[in-house]
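Under the working numbering, the sequence shown has 21 at position 22, and the numbering climbs by one with no breaks.
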Amino acid sequence: MGLIKLAAAGAVGYALYKYVNKEKLEEVFAGGDRANVRDSGPDHMTSPPKDWSKTDEAIDESFPASDPPSSY
């Protein structure tokens, strides 16, 4: 009998928690905001470097990915 009361109290507590927090949902995206993202390569930079190697190109193309380029 005690286990049933404990389960009922837990269910009531959970329902109360969900009721209180139902209006506090936050958006997990930026909504209408647009990110300022450029294409890769020195042609699309505001101040391109004078020297640009294949390694630089591979690094620039992989950003912001977590995997490093394989052309080192």
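Built from N, CA and C at the ideal position, the CB exists for glycine as well.
Go to E56, then tell me how far its alpha helix (DSSP H) extends in each direction, as first and last residue.
Note, E56: alpha helix (DSSP H), 53-61.
Identify whether P47 lies in helix, strand or coil by the three-state DSSP scheme.
Coil, per DSSP.
Which class does D38 belong to by DSSP, given the choice of helix, strand or coil?
Correct three-state label for D38: coil.
Using three-state DSSP, classify K21 as helix, strand or coil.
Residue state, collapsed to three classes: coil.
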